Amino acid sequence: MSGAVDRPATHDDSTPGHAEPGHEVRGGKQPVPTMNVANVLTISRLALVPVFLFALFYGSGDDQAWRLIAAVLFAVASITDQVDGWVARRYGLITDFGKIADPIADKALTGSALVGLSLLGELPWWVTFVIAAREIGVTLLRFWVIKHGVIPASRGGKVKTMAQVLAIGLFLLPLPLALDPVRWVMMGIALLLTVATGVDYVVRAIRLRTVGMRVQGQ
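Okay, structure coming up:
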């Protein structure tokens, strides 16, 4: 025997690319925990969806107190949509999980509200279909051009989201019939922005894919 002492192999946690379970590595920096504040806010928004639907449908949607609760839940969930993105960017908490979960939570919230209002007979189904078609179409376009790059969110897209939230919120609130014109004007604005930004997204997606294919062909 050589007298040498056998020691177990050690593992250097500082090695780039290493991440503990439940963490993601970003650009060789310290691992970002998957369950961070931003992602917890995203998950909480998704968890609020069934609670929101319960409040919306309670008493066949005619109970004013529960309609107010539904509107408040929708508002709180919508606010978390703005907060979680800001927190993730401000504190470097961007993760692959967040990139997937955030849009899912957004569409689940907006989609459930629109479908719920249509089931209650308070919003025409064609309005729900137009908005849903736009959101699904944009998601498919993202996958279509993903290998060529990412289409950044436009200012119009952000305004569209705000208009949709305001319009849906007005339909959720137990407002008097005299304010119906206000509801429909806001929903009309949201629809116009939804269609316009959808067309803009298609144009930008085609341009990005065209440029990407040219670069690949060189």
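Numbering (our numbering), first residue to last: 16 to 233.
We put the beta carbon where it would ideally sit given N, CA and C, even for glycine.
Since this is a predicted model, take the numbers as computed values, not measurements.
**Message:** For T125 and A148, I'd like the C-alpha separation in whole angstroms.
**Reply:** 13 Å
**Item:** Presumed contact (8 Å Cβ cut-off) between G152 and T212, rounded CB distance
**Value:** That belief does not hold up - the Cβ atoms of G152 and T212 are roughly 11 Å apart, past 8 Å.
**Message:** Buried or exposed, going by whether 16 or more other CB atoms sit within 10 Å of the CB of Y106?
**Reply:** exposed
**Prompt:** Which value, in whole angstroms, describes the spacing of the CA atoms of P196 and V210?
**Reply:** 21 Å
**Under the three-state DSSP convention, the category S17 falls into** = Low per-residue confidence applies at S17: pLDDT is 45, beneath 50, and the placement is therefore not dependable, though the value from the model is reported in the following sentence. Reduced to three states, the DSSP call for S17 is coil.
**Asked** Buried or exposed: which applies to I161, given that a residue is buried once 16 or more other Cβ atoms fall within 10 Å of its Cβ?
**Response** exposed
**Item:** Residue range of the unbroken alpha helix (DSSP H) whose run includes E137
**Value:** Here E137 belongs to no alpha helix (DSSP H), and DSSP marks it neither H nor E.
**Where V214 falls, given that 16 or more other Cβ within 10 Å makes a residue buried** = exposed
**Prompt:** Taking the alpha carbon of A86 as the point to measure from, which residue in G164, M228, G131 and L156 has its own alpha carbon closest?
**Reply:** G131
**Asked** Of all the options L188, S127, M50 and F144, which has the alpha carbon lying nearest to the alpha carbon of T4?
**Response** Not covered by the structure: residue 4. The range shown for the chain is 16 to 233.
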